[in-house]
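**Q** Dropping a structure here in structure tokens format, bear with me for questions.
Protein chains: 2
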Amino acid sequence: MTHMSDTARDYSRANAERFRRELHDLLRIPSISTDPAYAPDVQRTADWLAANMAELGLDKVEVMPTAGYPVVYGEWLGAGPDKETVLVYGHYDVVPAKMEDGWDTPPFEPVEKDGKIYARGATDDKGQLFIHVKALESYLKTAGSAPINMKFLIEGEEEISSPNLTPFIKDHLDLLMADICIISDTSMRTIDEPAILHSLRGMTYLEVEVQGPSENLHSGLWGGATHNPAVALVEMLGKLYNPDNTIAVPGFYDDVVPLTAEERAMIAKTDLTEAQFKQSTGVRAVWGDTNYNIRERISARPTLDINGLWSGWSGPGVKTIIPASAGVKLSSRLVGNQDPHKIYEQIKAYLESIAPPTVTVNIKLVTTGKPALFPFDIPEMQAAARAYEKGWGAAPVFTRGGGSIPVVAEIADLMNIPVVMMGFGLDDDGLHSPNERFSIEMFHRGIETAIVYLDELAQL
Amino acid sequence: MTHMSDTARDYSRANAERFRRELHDLLRIPSISTDPAYAPDVQRTADWLAANMAELGLDKVEVMPTAGYPVVYGEWLGAGPDKETVLVYGHYDVVPAKMEDGWDTPPFEPVEKDGKIYARGATDDKGQLFIHVKALESYLKTAGSAPINMKFLIEGEEEISSPNLTPFIKDHLDLLMADICIISDTSMRTIDEPAILHSLRGMTYLEVEVQGPSENLHSGLWGGATHNPAVALVEMLGKLYNPDNTIAVPGFYDDVVPLTAEERAMIAKTDLTEAQFKQSTGVRAVWGDTNYNIRERISARPTLDINGLWSGWSGPGVKTIIPASAGVKLSSRLVGNQDPHKIYEQIKAYLESIAPPTVTVNIKLVTTGKPALFPFDIPEMQAAARAYEKGWGAAPVFTRGGGSIPVVAEIADLMNIPVVMMGFGLDDDGLHSPNERFSIEMFHRGIETAIVYLDELAQL
């Protein structure tokens, strides 16, 4: 087996420039899923990707329809039923990009400069997903086989919140079934500190509206006997937190899986200093629950944030009104094993319990996403760590991601398998920003790491 | 004297229709001060009014320039230096009006219907100011003199907050100096319940901005260790009120002149029931400081309201951000003898004292207006009450206005004289709304009341 992965690695090195040329072709198609004007380009990207994969020698490659943009599915099951199967998830769609946003070069004309490929989608996620395609090619074009079975699930709607992905997975569960899922759609701090994410936070997003008078009132004529709905709202929201910066919603922390001493020791290695945090965010001081270090607070602990707040007149100058209503968008980042719907009910019940009788409070759930938490001592995670050591050249840290990728929990739940998040991007790749970029060195080290990982998984 | 006012009253009755025709002419000019496109019309209205007043036989009528629209000044000082002088303040400008706002007839084509004159400005303030012009005419065209000296100060910028009025008064203090000021620019509940306002609330209006991170942050990447500025703001604003609905700002009530038992008894006569308040405002329940009745709360007690509140994303859908900042517009309605600048300093000091060190709080004063409070047992007020009894046919109540007309306190302070607010409108005249109207009967009863009042003042 070692011989086979060495050969694959040599092939990937020999074909490095061609791999990048192909990636440039993929990046050239503006597969902007958020703008219907680009629908033909999104479709064309799926076709391009399917054609590229078909040339590798997969058993099956198919552009499969959904209610929205299609899924590119591919499989190579030549390792046989005794071997495990890896499912690679990725997305071929991108967010919008225009020169006037501040790009130095046209976002859909990839250029290589200073060791990086500049293009929209370079790191998110075309460059990263392509790593796994090229890793498999490196086996199939040398040994004619790979050490393990592989399936690809590449969607075109990640940037619009994957509205059709869960139905697609449910409808094709047998086709997609695997033993482990790999996602490369995240990042590390520096090239020498590769990170495997074993957790993501989930989300409960809700909206609260407080209705006072039936329309805006003259504050002179009615002020003093009218409960201002904005006042009522801020009084309620002022009770969301305890003085120690923990969340005051009863039961909120009940289902949080406690951090083990082992994990806390590991997280401590990637903690940020106060100075680093202030530098990155521009805040005056770090805030939060001082029972946890900064890295824990932003990745391993749940949150409750105000995302939007509105009432009355926010334009220039003076309006002397008692607003008819006031509203807030609130969202909670959740950790294992918090249930987004249970959290919603808890927040709702709490807000209703502190709502004054002088106003009407309407609370509605906007969206949810389950948190994902996988043990990092399972063989598949440890195999990934070995793959980094051998393929990347540095031992990875296992970290928790503070953000939310709902599909991770969906795949884990529907297939009852672990998801290994091997992010090959850098934190400062500028995803969703002008001059998005992807390190050329990391693209190639990613392919070698993926090659080794397939080998390591086959040996479990 | 009585004879003289009887004759004047008879004249006003005999000329009732002509008075209204003249008022129609005044209403026909769209003197919209808020829209520069109407500048020639505003100027034309000043000229029309000056011409109308000149025909009465005044000593002097002048259209006097300001940095904005002119003041129409007029004086008749024939009663001699031994007699007191009345200054009538009014405004000839109006707010915009268009058919498509819901008018049944063109807003600048006055029509008489159901006993009312329908036109923009009918009650606010052309119809009301014209009452005093026609009252003086009724004396001058009969006796050739009036029982007391009169001056008119009619401005054209009331609807744009009178930016040039205080400088004008200061520059012409000798010219304008009087012993009492009369303003008819307010209203009563029903024709049988005339009201004299002896107080108005003042105002302190401020803006508070809380700055957190230097730009909006991803709530997944940074949430948990970043003090959300909207959370910081609501926590601060949640402490503006005490549990008993009094304002928690230290020292806020220090300078409030306590209500006397006599005034409370008088206010009780015009109190609203909870049902009336709910009916008028659409609120679920009445709110406020239960040590005071509803009328006291909305007119004789100070307030603190949120007029506007904003942070982050208030549009449709989801943005998972920690907003960079959050802001609020706050205003306090003040009562005698609260000082708007002192109140600003108190609110600012309080907010700064409860501001957390994790955010930057910027507080700025936007505008102020002094409260006005005149004793209602002074001879000028009691004379007005007698004038209503004789001229209107009903004894008035002395009430406090909850709103703010900053010029009232300015005139009172600069001239050290009382201001008697004899409002001849009805609460439901629809000022600033479509189909603004003014009762024909009240126009004429207003003139007769004004005639009697001049007589009563002369007898003090």
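Line by line, the protein sequences are chains A and B.
Numbering-wise, the first sequence is residues 767 to 1226 according to my numbering.
Numbering-wise, the second sequence is residues 767 to 1226 according to my numbering.
Using N, Cα and C, we set each Cβ at its ideal position, and we do this for glycine too.
1. Would you say T992 (chain B) and T1047 (chain A) are within 8 Å of each other, going by their C-beta atoms?
2. Indicate the three-state DSSP secondary structure (helix, strand or coil) for R917 (chain B) in the structure shown.
3. I'd like the list of long-range same chain contacts for L987 (chain B), defined as Cβ closer than 8 Å, with 5 residues on each side in sequence excluded.
4. Have a look at the DSSP bridge pairing and note the partners of D1071 (chain A).
5. Pull up the distance between the alpha-carbon of V1094 (chain A) and that of M1188 (chain A), whole angstroms please.
6. Specify, as a first and last residue, the run of the beta strand (DSSP E) that A961 (chain A) falls within.
7. Terminal residues of the continuous alpha helix (DSSP H) containing F785 (chain B)?
8. Counting only runs of 3+ residues fully inside the region 1018-1089 of chain B, write out the beta strand (DSSP E) ranges in chain order.
9. With the cut-off set at 8 Å, would you say V1022 (chain A) and V1101 (chain A) are in Cβ contact?
10. Mind checking the region 888-904 of chain A against chain B and listing, in chain order, the residues whose C-beta falls within less than 8 Å of any C-beta there?
11. Rounded to the nearest angstrom, what separates L853 (chain A) and E973 (chain B) at their Cα positions?
12. Taking C-beta to C-beta, are A1175 (chain B) and P1184 (chain B) nearer than 8 Å?
13. Helix, strand or coil for R1166 (chain A), going by three-state DSSP, please let me know.
14. When you check each C-beta in the region 937-967 of chain B against every C-beta of chain A, which residues fall closer than 9 Å?
15. How is W842 (chain A) classed by DSSP in three states: helix, strand or coil?
16. In the DSSP assignment, the alpha helix (DSSP H) including R1261 (chain B) goes from what residue to what residue?
17. If you draw a straight line from the alpha carbon of K936 (chain B) to that of M1181 (chain B), how long is it in whole angstroms?
18. So, helix, strand or coil for E973 (chain A), using DSSP?
19. Tell me which residues of the region 1067-1086 of chain A have at least one Cβ-Cβ distance to chain B shorter than 9 Å, keeping chain order.
20. Flag S911 (chain B) as yes when its Cβ comes closer than 7 Å to any non-hydrogen atom of the ligand GDP, and as no otherwise.
21. What residues are listed by DSSP as bridge partners for T1134 (chain A)?
22. Three-state secondary structure (DSSP) at N1128 (chain B)?
23. Cβ closer than 9 Å: which chain A residues qualify as neighbours of S980 (chain B)?
24. Considering M1002 (chain B), what are the terminal residues of the alpha helix (DSSP H) in which it resides?
25. Quick check on Q1042 (chain B): buried or exposed, where buried means 16 or more other Cβ atoms within 10 Å of its Cβ?
26. Can you say whether T908 (chain A) is buried or exposed, counting buried as having 16 or more other CB atoms within 10 angstroms of its CB?
27. Please classify H1210 (chain B): does DSSP put it in a helix, a strand, or coil?
28. Using only the alpha-carbon positions, how far apart do V837 (chain A) and L824 (chain A) sit?
29. What does the alpha-carbon distance come out to for the pair D1010 (chain B) and G1054 (chain B)?
30. Run through DSSP, which three-state label would G856 (chain A) get?
31. Since V899 (chain B) is in the beta strand (DSSP E), which residue starts that stretch and which ends it?
32. Measure from the alpha carbon of E1029 (chain B) to the alpha carbon of each residue in B:M819, B:M830, B:D1143 and B:P872, then state which is nearest.
33. Rounded to whole angstroms, what's the CA-CA distance from Y931 (chain B) to K892 (chain B)? Just pull it up for me.
34. In chain order, what residues of the same chain lie with their CB nearer than 7 Å to the CB of T1036 (chain B), ignoring the 5 residues before and after it?
35. Given a cut-off of 8 Å on the beta-carbon distance, is the pair T952 (chain B) and G1167 (chain B) in contact?
36. Secondary structure at V829 (chain A), three-state DSSP: helix, strand or coil?
**A** This is what the structure holds:
1. Yes. Within cutoff.
2. The amino acid at residue 917 (chain B) is misidentified as Arg; the sequence shows Lys. Strand.
3. none
4. A:S1097
5. 36 Å
6. From DSSP, the beta strand (DSSP E) with A961 (chain A) extends over A961 to L966.
7. A782 to R794
8. Listed in chain order, they are 1071-1078.
9. yes
10. none
11. 55 Å
12. no
13. strand
14. Listed by position, the residues of the region 937-967 of chain B near chain A (Cβ gap below 9 Å) are L966 and R967.
15. strand
16. Because chain B here runs from 767 to 1226, residue 1261 (chain B) falls outside it and cannot be looked at.
17. Rounded to the nearest whole angstrom, the CA to CA distance from K936 (chain B) to M1181 (chain B) is 10 Å.
18. strand
19. Answer set for the region 1067-1086 of chain A: R1067, P1068, T1069, L1070, D1071, I1072, N1073, G1074, L1075, W1076, S1077, G1078, W1079, S1080, G1081, G1083, V1084, K1085 and T1086.
20. In the structure shown, the ligand GDP is absent, as is every other ligand, since no ligand is present at all.
21. A:T970
22. Note: N1128 (chain B) maps to strand in three-state DSSP.
23. T1047, G1048 and V1049
24. P995 to L1003
25. exposed
26. Result: buried.
27. helix
28. About 16 Å.
29. 8 Å
30. strand
31. Element bounds for V899 (chain B): not the beta strand (DSSP E) but the alpha helix (DSSP H), G893 to L906.
32. B:D1143
33. It should be pointed out that residue 931 (chain B) corresponds to Leu in this sequence rather than to Tyr. One C-alpha to the other measures close to 18 Å.
34. R1061, V1163 and T1165
35. yes
36. V829 (chain A): strand per DSSP, three-state reduction.
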